[in-house]
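Chains A and B, in that order, are what the protein sequence lines are.
Per this note's numbering, the first sequence starts with residue 1, numbered consecutively.
Per this note's numbering, the second sequence starts with residue 1001, numbered consecutively.
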Amino acid sequence: MTRYIVYRITLMFFVLFGVSIFVFLLVRLVPGDPAELLADQWATKKDIELLRRQWGLDKPLITQYLVFMNHLLHGDLGNSVASNTPVAKEIAAKFPNTLKLAITGTLIAIIIGAFAGIISAAKPYSIFDNISMVLALLGVSTPAFWLGLMLILLFAVKLDWFPATGAGTIKHLILPSITLGLLTAGVIARQTRSSMLEALQQDYVKTARAKGLRETIVIYKHALKNALIPVVTIVGLQFGHLLGGAVLVESVFGWPGMGRFLVDSIFTRDYPVIQGAILVFATAFSLVNLGVDLLYGSIDPRIRYE
Amino acid sequence: MIWKSNKEVKRKSERVLLRSRIFRNLLRNRTAKAGFAIVSLTITIALFAPLIASHDYMKANLREIAQPPSLRHPLGTDELGRDILSRIIHGSRLSLTLGVVSVGIGLLGGVPLGAIGAYWGGWVDLVIMRFIDILLAFPAILLAIAIVSILGPGLYNAMIAVGIAQLPIYARLIRGLILSIREKEFVEAARALGASDLRIITRHIIPNSLAPIIVQSTLNVATAILSAAALGFLGLGAQPPTPEWGTMLSRGRLYLRVAPHITTFPGLAIVLTVLGFNLLGDGLRDALDPRMVRIRR
């Protein structure tokens, strides 16, 4: 196990190293002078030259990368072209908002998805099963931004229960998290159902039933425990994807998170922000994946890593 | 030789039998049937778009701005007075192209990478798989956005971005398939009988990995259409006045309060098309997997 953890963490650092190269090359692959791309809109020729020297942009590519990494490891992601404030500071302000959205979205998805999946598996091919599986597939097929707009239409425009856009109160959080949650619930419901069905066919379930245990105990105590392992993996991976999906939902609801920050910065060609945001997203996603992999080993004692 | 040998005829009839069994499974499967119906409908609409559409999809009519659905305009008109139904009909061409081309790019990039890794193994495999790991460090939509930020917004760049974002899926899938098929007993038997590498690849590895790849590709057309629409919605994909569904939606949201139909209908078109491919993919998986037949019945 220890060896696996060490291997897995080494792998993550390697991947993050690759991500840093990708982000570093991003600005250099865009046609144009990187120094001008990184300079703010009021920059004079002198400012641009200063930036060029500060980031070593007149040096060979390898040196440029070393300078970039040196800044990065000191938490310096450069200054935003649009607002001239440090990118790291802006990200620190916006990332918690995205995290909040992804966490509440995941919770909603787990509650709806696991519930639908368990009941569907307990009575396969019943009406409930058929309806919830059709809804699950619809959830997988619906664009996040459209669902968000439809929820705004119904709950903000028609019923006036929640505000359409903005942030600050619990009420602002509800519609965007429901949007994210509903879309992910489908994936979780499908996974829960199929692994529950598999668990219910195992011998230990037959034994439990033969002992005369009540069906609820058989389902919740014996089958569910074993069926949960793949579900945990899916939930973890979905949490990572929700971080990405937040890009769309934040744009719809005007939520001041990382996703909207990133998309806005593409329009203003604010490359320091694009670099920083992508780097933070990839790091968060890799950390979540690492967590899922390690958790997987600790909740299933049958798994032994070589 | 005019007469085929008995053995050859028998083998051919076996193959026809297998094909008809897959087809029968597909027809028996309600999921697959529904998916097949929706996908064929979308393809038909896309093929005959100019004949079906009742209005010029590009022609603005300032006297009929944001009209609700009526007999003249079954789905209403948009913010420039263009017929929404006609635009959705023409948009089906774009969405299908976006989906299929992106998947094609993903396959073209991913399959050789995975196959080379599995075939050569060793450090080649190591380098390729670590490269794939790096691509997988990004949620797919984010990788697509990052690529668009390099290439610039646009319809074609969106296809490339979505395709590259799908590449890791195929590389991993094909590598896993080859590694597992290679260890199977029938391959070992073929090798023991003196079959060449080429024969093993064409007779055993390709036929056995085809089914999972077809299933995955069908499901990925669904994902690709969603991602491309998302890029269009964010303003990073197809640009107005292109009748791309995501792009139409992003224009319509400005009029959500006064003319919600501009946003509603293109979204429904996306849901229906994507649902069709998802149903077809699910159905294909069940029909192509011989072990599933008994359970499904």
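From the three backbone atoms N, C-alpha and C, an ideal C-beta is built for every residue, glycine too.
As the structure is a computational prediction, the values presented were derived from the model and not from experiment.
Neighbouring residues, chain A, relative to residue i (Cβ below 9 Å)
i	result
valine 1274 of chain B	Val140, Ser141, Thr142 and Pro143
valine 1100 of chain B	Residues of chain A passing the Cβ test: none, with the nearest at roughly 17 Å.
arginine 1253 of chain B	Phe145, Leu149, Ile152 and Val252
threonine 1042 of chain B	Within 9 Å Cβ-Cβ: nothing; threonine 1042 of chain B doesn't reach chain A, min ~13 Å.
serine 1149 of chain B	Leu26, Val30, Leu262, Ser265, Ile266, Arg269, Tyr271, Ile274 and Ile278
Within 9 Å, strictly: CB atoms of residue i and residue j
i	j	result
arginine 8 of chain A	leucine 290 of chain A	yes
alanine 246 of chain A	isoleucine 188 of chain A	no
threonine 283 of chain A	leucine 16 of chain A	yes
threonine 1223 of chain B	glutamine 1166 of chain B	yes
alanine 1115 of chain B	methionine 1159 of chain B	no
alanine 1053 of chain B	histidine 1090 of chain B	yes
alanine 144 of chain A	leucine 237 of chain A	no
valine 30 of chain A	tyrosine 271 of chain A	yes
isoleucine 103 of chain A	leucine 294 of chain A	no
arginine 3 of chain A	glycine 117 of chain A	no
aspartate 354 of chain A	serine 141 of chain A	Residue 354 of chain A falls outside the range modelled here, since chain A spans only 1 to 306, and no answer is possible.
valine 157 of chain A	leucine 1256 of chain B	yes
phenylalanine 253 of chain A	leucine 175 of chain A	yes
isoleucine 1084 of chain B	leucine 1075 of chain B	yes
leucine 149 of chain A	threonine 1263 of chain B	yes
leucine 1173 of chain B	alanine 1161 of chain B	no
threonine 268 of chain A	alanine 82 of chain A	yes
leucine 1080 of chain B	threonine 1042 of chain B	no
isoleucine 1164 of chain B	leucine 1135 of chain B	yes
valine 1215 of chain B	glycine 1276 of chain B	no
leucine 153 of chain A	proline 1260 of chain B	yes
glutamine 202 of chain A	asparagine 226 of chain A	yes
Neighbour list for residue i in chain B, Cβ cutoff strictly below 8 Å
i	result
alanine 92 of chain A	Chain B residues near alanine 92 of chain A: none, gap ~19 Å exceeds 8 Å.
glycine 18 of chain A	Arg1130, Phe1131, Asp1133, Ile1134 and Ala1137
valine 157 of chain A	Leu1256, Arg1257 and Pro1260
Residue from the options with nearest C-alpha to residue i
i	options	result
leucine 11 of chain A	B:Gly1235, B:Val1221, B:Ala1238 and B:Phe1131	B:Phe1131
valine 122 of chain A	A:Ser195, A:Phe14 and A:Ser20	Per the sequence presented here, residue 122 of chain A reads as alanine, with valine not at that position. When each option's Cα is compared against that of alanine 122 of chain A, the closest is A:Ser195.
methionine 69 of chain A	A:Glu90, A:Gly105, A:Gly18 and A:Val81	A:Gly18
alanine 1171 of chain B	B:Pro1112, B:Ala1037 and B:Gly1267	B:Pro1112
valine 292 of chain A	A:Ile234, A:Val140 and A:Tyr65	A:Ile234
tyrosine 1156 of chain B	B:Trp1120, B:Leu1136, B:Arg1082 and B:Gly1237	B:Gly1237
valine 134 of chain A	A:Leu154, A:Asp47 and A:Gly113	A:Gly113
proline 1266 of chain B	B:Phe1233, B:Gly1281 and B:Ile1181	B:Phe1233
glycine 276 of chain A	A:Lys94, A:Gly56 and A:Phe13	A:Lys94
serine 1217 of chain B	B:Val1124, B:Gly1110 and B:Leu1136	B:Gly1110
tyrosine 125 of chain A	A:Arg193, A:Lys59 and A:Leu73	A:Arg193
glycine 240 of chain A	A:Phe281, A:Ile266 and A:Gln201	A:Phe281
isoleucine 21 of chain A	A:Gly212, A:Leu279 and A:Leu50	A:Leu279
Any non-hydrogen atom of the ligand FAD within 8 Å of residue i CB
i	result
isoleucine 178 of chain A	As presented, the structure is devoid of all ligands, the ligand FAD included, so that no description of it is given.
Proximal chain A residues relative to residue i, where beta-carbon distance stays under 7 Å
i	result
asparagine 1278 of chain B	Leu137, Val140 and Ser141
threonine 1247 of chain B	Within chain A, no residue comes near threonine 1247 of chain B; the closest Cβ sits about 12 Å away, beyond 7 Å.
threonine 1263 of chain B	Leu149
Under 7 Å by beta carbon: chain B residues contacting residue i
i	result
isoleucine 127 of chain A	Under the 7 Å cutoff, chain B gives no residues; its nearest Cβ is about 15 Å from isoleucine 127 of chain A.
histidine 172 of chain A	Near histidine 172 of chain A there are no residues of chain B at all, since even the closest Cβ is about 17 Å away, more than 7 Å.
phenylalanine 68 of chain A	In chain order: nothing, as chain B lies at least about 17 Å away.
Contacts of residue i in chain B (Cβ-Cβ under 9 Å)
i	result
phenylalanine 14 of chain A	Arg1130, Asp1133 and Ile1134
glycine 105 of chain A	Chain B residues near glycine 105 of chain A: none, gap ~13 Å exceeds 9 Å.
phenylalanine 162 of chain A	Here the premise fails: no neighbours, minimum Cβ distance about 14 Å.
Contact list for residue i against chain A, beta-carbon separation under 8 Å
i	result
valine 1271 of chain B	Leu138, Ser141, Thr142, Pro143 and Trp146
isoleucine 1201 of chain B	Chain A residues near isoleucine 1201 of chain B: none, gap ~30 Å exceeds 8 Å.
CB contact check: residue i to chain E, cutoff 9 Å
i	result
isoleucine 274 of chain A	Protein chains in the displayed structure are A and B, and chain E is not among them.
key: Residues from the region 1076-1092 of chain B in contact with chain A, defined by Cβ distance under 7 Å   = For the region 1076-1092 of chain B, no residue has a beta-carbon sitting nearer than 7 Å to a beta-carbon of chain A.
task = Write down every uninterrupted run of the alpha helix (DSSP H) in the region 90-166 of chain A whose length is 4 residues or greater and which is fully enclosed by it, in chain order.
result = Qualifying alpha helix (DSSP H) stretches, in chain order: 127-141 and 144-151.
key: Length-filtered (4 minimum) alpha helix (DSSP H) runs lying within the region 246-273 of chain A   = Restricting attention to alpha helix (DSSP H) runs no shorter than 4 residues, the region 246-273 of chain A encloses them at 258-267, ordered along the chain.
Whole alpha helix (DSSP H) elements within the region 1233-1263 of chain B, 4-residue minimum = If we require 4 residues or more, the alpha helix (DSSP H) runs fully inside the region 1233-1263 of chain B come out as 1245-1252.
ask   = Which whole runs of the alpha helix (DSSP H) in the region 1042-1073 of chain B are 4 residues long or more, in chain order?
value = You should have 1049-1052.
request  = May I have a chain-ordered list of the alpha helix (DSSP H) segments no shorter than 4 residues that lie completely inside the region 1127-1183 of chain B?
outcome  = If we require 4 residues or more, the alpha helix (DSSP H) runs fully inside the region 1127-1183 of chain B come out as 1140-1151 and 1155-1182.
Contacting positions in the region 217-247 of chain A - beta carbon closer than 9 Å to chain B = Listed by position along the chain: Gly240, His241, Leu242, Leu243, Gly244, Gly245 and Val247.
ask   = Any residues in the region 278-294 of chain A with a beta carbon nearer than 7 Å to a beta carbon of chain B? Which ones, in chain order?
value = Listed in sequence order: Ile278, Phe281, Ala282, Phe285 and Ser286.
task = Scan the region 1207-1232 of chain B for residues whose Cβ lies nearer than 8 Å to a Cβ of chain A and list them as they occur along the chain.
result = Residues passing the 8 Å Cβ filter: Ala1222, Leu1226, Ala1229 and Ala1230.
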